[in-house]
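Enquirer: Protein chains in written order, with the numbering used here: chain A, 78 to 191; chain B, 4 to 117.
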């Protein structure tokens with residue numbers, strides 16, 4: 078069964094500090110991996126998308142990395158801001174017969190304190 | 004924000020009653036999805052559609068049905084609501100499957116079955 082595990086479950090940091098969130102997956106055949114940000118009471122919003130051949134992708138202060146050999150990804154947030162407080166969700170897609178079958182992690186809840 | 008609207012945003016219903024949630028998009032995207040989000044679980048796919056009148060089941064489809072008679076509308080029906088279907092429901096849209104293009108999520112519908 079496809080699985081996506083995220084760590085830590087929750088994280089508290091001070092404004093201005095950096096942090097790294099982890100995602101391990103057992104999804105096969107692998108298609109792509111995405112990181113989403115979900116603010117409280119809202120739907121998720123895509124931050125980055127990476128395919129098998131990509132090992133890093135940035136979106137402003139967010140940088141995602143992918144190691145397809147070890148099936149691990151990380152999301153690094155630089156110089157955190159209060160608005161970064163949210164849940165960050167790792168999503169891995171496979172392509173079983175061409176259909177869209179995503180597997181979502183449970184998310185990491187990030188709280189940024191002033 | 005992508006043109007995707009869910010209605011209603013909040014609903015309380017009684018056990019055993021049918022409930023229909025609506026997802027409306029103005030982006031003309033081919034693919035539409037219904038997810039549920041519960042504490043301790045990642046987002047789970049209920050059903051998805053890859054065109055008008057073309058739908059398929061996700062991992063948690065029991066007790067749910069869907070219909071798509073127009074490109075812009077995707078309806079989720081709980082045939083006989085149960086307390087286990089109390090959840091936050093999200094609709095999403097995308098231009099292509101497999102995560103190769105960004106999926107846009109609606110604001111969510113909070114459903115309580117009493």
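Note that beta-carbon positions come from the ideal geometry of N, C-alpha and C, so glycine has one too. Just so we're clear, the structure is a prediction, and the values are computed from it rather than from any experiment.
Between which two residues does the beta strand (DSSP E) harbouring residue 77/B extend?
Expert: As a working note, residue 77/B is residue 74 in the second chain. Unbroken beta strand (DSSP E) run through residue 77/B: 76–81.
Enquirer: Alpha carbon to alpha carbon, what distance is there between residue 122/A and residue 183/A?
Expert: Here the question's residue 183/A lines up with position 106 in the first chain. Here the question's residue 122/A lines up with position 45 in the first chain. When rounded, the distance between both Cα atoms is 15 Å.
Enquirer: Once the 5 residues before and after residue 33/B are set aside, which same chain residues still bring their CB inside 7 Å of it?
Expert: Your numbering for residue 33/B matches position 30 in the second chain. Excluding sequence neighbours, residue 33/B sits near 53, 54 and 98.
Enquirer: Which same chain residues, not among the five before or five after residue 151/A, have their C-beta less than 8 Å away from its C-beta?
Expert: Along the first chain, one-based indexing puts residue 151/A at 74. Only 97, 98, 99, 100, 141 and 142 meet the Cβ criterion.
Enquirer: Looking at the unbroken beta strand (DSSP E) that takes in residue 141/A, where does it start and where does it end?
Expert: On the first chain, residue 141/A is found 64 positions in, with the first residue counted as 1. Per DSSP, residue 141/A belongs to the beta strand (DSSP E) from 139–144.
Enquirer: Between residue 88/A and residue 187/A, what straight-line distance do the alpha-carbon atoms span, to the nearest angstrom?
Expert: Taking the first chain and counting its residues from 1, the one referred to as residue 88/A is at position 11. Taking the first chain and counting its residues from 1, the one referred to as residue 187/A is at position 110. Each residue's alpha carbon lies about 5 Å from the other.
Enquirer: Show which residues of chain B have a CB atom less than 9 Å away from the CB atom of residue 81/A.
Expert: Numbered from 1 along the first chain, position 4 holds the residue referred to as residue 81/A. Those are 45, listed as they occur along chain B.
Enquirer: For the beta strand (DSSP E) containing residue 54/B, list its first residue and its last residue.
Expert: For this step, residue 54/B is matched to residue 51 along the second chain. It spans 47–54 - the beta strand (DSSP E) in which residue 54/B sits, taken as one unbroken run.
Enquirer: Anything in the segment 99–113 of chain A with a Cβ closer than 7 Å to a Cβ of chain B? List those residues in chain order, please.
Expert: Result list: 108, 109 and 111.
Enquirer: Pull up the DSSP beta-bridge partners for residue 40/B, would you.
Expert: Taking the first residue of the second chain as 1, we reach residue 40/B at position 37. Answer is 91/B, bridged to residue 40/B.
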